[in-house]
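Here is the structure we will look at.
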Amino acid sequence: MDTNVPGPTYREMLDPEAAPPAFRAAAQAGLANELDPANLFHITWRGPGNRVRLVTLPRELTGARANILVLVGRHFPSGSHKVGPAYSTLMEGELSGEIEPGVHTIIGPSTGNFGIGVAYVSRLKGYSSIVIMPEGMSRERYERIRRYGGQLDFTPGSESDVILVLERTEDFKRDPKNKVLAQFELLPNYRFHRYVTGRSAIEAGAGHGNGRIAAFVSAPGSAGTLAAGDEIKARFPEAVVCALEPKECSTLFNDGRGTHRIEGIGDKMVTLIHNVLTTDYVMLLHDDDCVAGLALLERHAGRLERLLELPRGSLETLAGVFGISGVCNVLGAMRLARHLDLGPGDNIVTIATDGFDRYPSVLADLEERRGPFDGQAVDRCFEEVFRGDAPDDILDVRGRAEKERLFGYKERVWSGFGYSHSYLESMQAQSFWDAEFARIGPIDEALLRARKA
Ligand SMILES: Cc1ncc(COP(=O)(O)O)c(C=O)c1O
Numbered sequence: 003m004d005t006n007v008p009g010p011t012y013r014e015m016l017d018p019e020a021a022p023p024a025f026r027a028a029a030q031a032g033l034a035n036e037l038d039p040a041n042l043f044h045i046t047w048r049g050p051g052n053r054v055r056l057v058t059l060p061r062e063l064t065g066a067r068a069n070i071l072v073l074v075g076r077h078f079p080s081g082s083h084k085v086g087p088a089y090s091t092l093m094e095g096e097l098s099g100e101i102e103p104g105v106h107t108i109i110g111p112s113t114g115n116f117g118i119g120v121a122y123v124s125r126l127k128g129y130s131s132i133v134i135m136p137e138g139m140s141r142e143r144y145e146r147i148r149r150y151g152g153q154l155d156f157t158p159g160s161e162s163d164v165i166l167v168l169e170r171t172e173d174f175k176r177d178p179k180n181k182v183l184a185q186f187e188l189l190p191n192y193r194f195h196r197y198v199t200g201r202s203a204i205e206a207g208a209g210h211g212n213g214r215i216a217a218f219v220s221a222p223g224s225a226g227t228l229a230a231g232d233e234i235k236a237r238f239p240e241a242v243v244c245a246l247e248p249k250e251c252s253t254l255f256n257d258g259r260g261t262h263r264i265e266g267i268g269d270k271m272v273t274l275i276h277n278v279l280t281t282d283y284v285m286l287l288h289d290d291d292c293v294a295g296l297a298l299l300e301r302h303a304g305r306l307e308r309l310l311e312l313p314r315g316s317l318e319t320l321a322g323v324f325g326i327s328g329v330c331n332v333l334g335a336m337r338l339a340r341h342l343d344l345g346p347g348d349n350i351v352t353i354a355t356d357g358f359d360r361y362p363s364v365l366a367d368l369e370e371r372r373g374p375f376d377g378q379a380v381d382r383c384f385e386e387v388f389r390g391d392a393p394d395d396i397l398d399v400r401g402r403a404e405k406e407r408l409f410g411y412k413e414r415v416w417s418g419f420g421y422s423h424s425y426l427e428s429m430q431a432q433s434f435w436d437a438e439f440a441r442i443g444p445i446d447e448a449l450l451r452a453r454k455a
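The sequence shown begins at 3 in the numbering used here and counts up one residue at a time.
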């Protein structure tokens with residue numbers, strides 16, 4: 003294999019200190035220029051002191067007795083953790099000899115952050131890339147992709163029109179020089195999140211409450227992040243996993259479909275890599291509650307501090323940390339904590355996939371739609387968004403009937419893209435997922451050998 007630019011193993015993404023000193027030194031120097039390929043070694047949840055980047059939300063804000071811990075994704079190279087699955091899929095493709103620099107163009111079907119990650123890792127590894135995405139996403143996303151040298155190929159619609167992106171991807175597949183990093187169907191996405199995100203979450207929980215994790219909450223797009231729940235359950239069998247959806251597009255909840263405003267999630271399908279066996283609850287949230295929640299945290303932190311009698315400046319640490327789906331995850335975690343009546347020893351872990359940097363245009367749009375709001379309108383909005391519970395919007399999907407409904411949905415979507423009945427059936431056993439996870443060791447060994455070659 004032509005190891006054009008070396009990158010990290012899964013183990014080194016979980017713990018960058020495991021990388022050889024020469025790579026670590028290059029990565030340190032690379033921080034001065036985000037396009038330096040050594041930045042691939044910063045694909046990790048860890049930050050200063052090699053600690054997992056985490057914010058713990060004040061109880062006054064969440065109204066929950068449990069601890070709500072949020073893993074912070076915006077410091078990943080390219081600005082979101084989606085670069086992890088993009089890199090892992092490209093790395094595995096190179097190792098298997100399927101993707102070669104100088105020969106192939108990388109195709110990234112996406113609604114944004116994965117596409118940004120694809121353009122970024124392609125650039126660092128010396129490939130050209132084309133990102134296929136809906137035309138209705140936030141402007142900031144397109145700018146980033148172009149900045150990394152990615153070409154854009156637009157499909158009609160917005161977040162929930164991902165199926166059109168997949169159909170367009172089929173056109174690109176016909177040319178053998180194109181290689182697709184298929185986040186919705188390829189298992190590196192599962193491996194990255196189960197191993198790197200899952201174990202980082204477990205470590206984050208260790209310093210809080212009873213040191214265990216009672217629940218993991220994530221709003222799926224590709225459902226890669228949800229795989230962290232598999233690792234959390236492997237360690238803490240009592241843990242539950244809750245998937246969040248926009249109320250406007252309730253696909254996992256009740257096969258519903260519709261357009262919505264939470265970029266990156268709610269893609270109108272059960273993705274191939276979603277292990278529905280380990281999803282326990284599905285919860286719906288209004289999309290505009292998440293947009294308004296973001297406006298509250300970003301624009302009205304001072305007012306909230308006064309309202310909640312928090313020390314001045316205590317919500318400042320949250321500035322920039324969340325995008326819309328991050329707020330959705332926080333709202334979901336709070337509601338689940340109340341629904342399950344979790345106590346002060348219990349930890350709920352959730353994720354902020356990206357940060358505010360890619361959403362100013364969305365808040366400008368909110369103001370245009372609703373008019374500027376301040377004063378008591380902020381207090382009322384907080385009450386609605388952060389305290390409003392909707393028990394009917396939580397569905398327990400642990401029973402056989404619900405699992406069969408979800409498997410059936412998955413089969414309908416993916417048999418249409420050429421997956422055999424027997425392959426789809428094999429995904430109904432946990433052993434399928436554990437075997438895919440177990441491939442991490444041999445993949446890491448192969449990468450270490452290739453790096454030395
Ligand atoms: C902003 C944002 N939030 C959440 C997600 C969902 O993450 P996953 O694809 O791992 O389910 C994505 C995926 O692209 C995203 O871009």
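We treat Cβ as the ideally placed atom computed from N, Cα and C, and that holds for glycine. The model shown is predicted, which means the values in this text are computed figures rather than measured ones.
Taking a cut-off of 8 Å for Cβ pairs, the stretch 374-391 and the stretch 299-311 touch, as three or more such pairs fall below it. R146 is the residue among R146, L365, I234 whose C-alpha sits nearest the C-alpha of S80.
Beta-bridge partners of A354 (DSSP): V74.
Comparing C-alpha distances from D359 to each of N41, R141, S98, G86 shows the shortest one belongs to R141. Ligand 1 never approaches P103 closely enough for any of its heavy atoms to be under 6 Å from the residue's Cβ. Taking the CA atoms as reference points, H276 sits about 18 Å from R441. A check of alpha carbon separations from D446 across P346, V278, S90, I165 identifies S90 as the nearest.
Judged by DSSP secondary structure, G200 falls outside any beta strand (DSSP E) and instead within the alpha helix (DSSP H) spanning 200-208. S428 is bridged by DSSP to nothing; it lacks a bridge partner. Using a 10 angstroms sphere on the CB of V105, the tally of other CB atoms stays under 16, which defines it as exposed. Secondary structure note for L154: it is in no alpha helix (DSSP H), and the uninterrupted beta strand (DSSP E) holding it is 153-157. Secondary structure at N69: strand, using DSSP grouped into helix, strand and coil. Rounded to whole angstroms, the gap between the alpha carbons of G75 and R48 is 10 Å. DSSP, reduced to helix, strand and coil, places Y192 within a helical segment of the structure shown. Short note on I234: C-beta not closer than 6 Å to any heavy atom of ligand 1. Apart from sequence neighbours up to five positions away, the residues of its chain that approach L365 with a beta-carbon distance below 8 Å are V293, L296, A297, E300, R301, ordered along the chain. When the Cα atoms are used, V323 and R414 turn out to be separated by approximately 37 Å.
With a threshold of 6 Å, the Cβ atom of G226 counts as near ligand 1, since some heavy atom of the ligand is closer than that.
Judged by the Cβ position, N277 fails to qualify as a neighbour of ligand 1 at the 6 Å threshold, every heavy atom of the ligand being at least this far. Its chain contains I204 as the residues whose beta carbon lies nearer than 6 Å to that of R237, once the 5 sequence neighbours on both sides are disregarded; these appear in chain order. With a beta-carbon spacing of about 7 Å, N41 and A29 fall inside the 8 Å limit used to define contacts.
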